[in-house]
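Report on one structure; see the data block that follows.
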């Protein structure tokens, strides 16, 4: 279950959202409108590399501590991603944001589906229970 995705206390998830945990995905993927909203309120101007639409923030935002945590509420656990976790490949000018747009056609059509990849899995003990078809998280 996925209750909400928040940045600075603001929910970016639509009325109905769900999540898939995928160990074969490196990042966190979300519906385009919701990820754009997340990028708007993350705490710094987000720009997109024109060739491949990769979101970046200016490195000065990271240095000045302007960026906010992203919290993914699963109902049983709040999965918190700090800027140190969701930013990578920082140069003198920019840092890549590991939460990107993805238009998918899996999950329920009336729900917005997020894909929680290694960015989440690497931060939390993740238990896949095939018998009960559930995934659970706990702190490391």
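Residue numbers (UniProt numbering): 1 to 140.
Cβ coordinates follow ideal geometry from the N, Cα and C atoms, glycine included.
All figures in this text were calculated on a predicted structure; none of them were measured in a lab.
Asked: Bridge partners - residue 30, DSSP secondary structure assignment; Found: 101
Asked: Whole-Å CB distance - residue 99 paired with residue 27, under 8 Å assumed; Found: 7 Å
Asked: As assigned by DSSP and simplified to three states, the class of residue 13; Found: coil
Asked: With 16 other Cβ atoms within 10 Å as the buried cut-off, status of residue 63; Found: exposed
Asked: Under 8 Å between C-beta atoms of residue 102 and residue 24; Found: no
Asked: Collapsed DSSP secondary structure at residue 67 in the structure displayed; Found: coil
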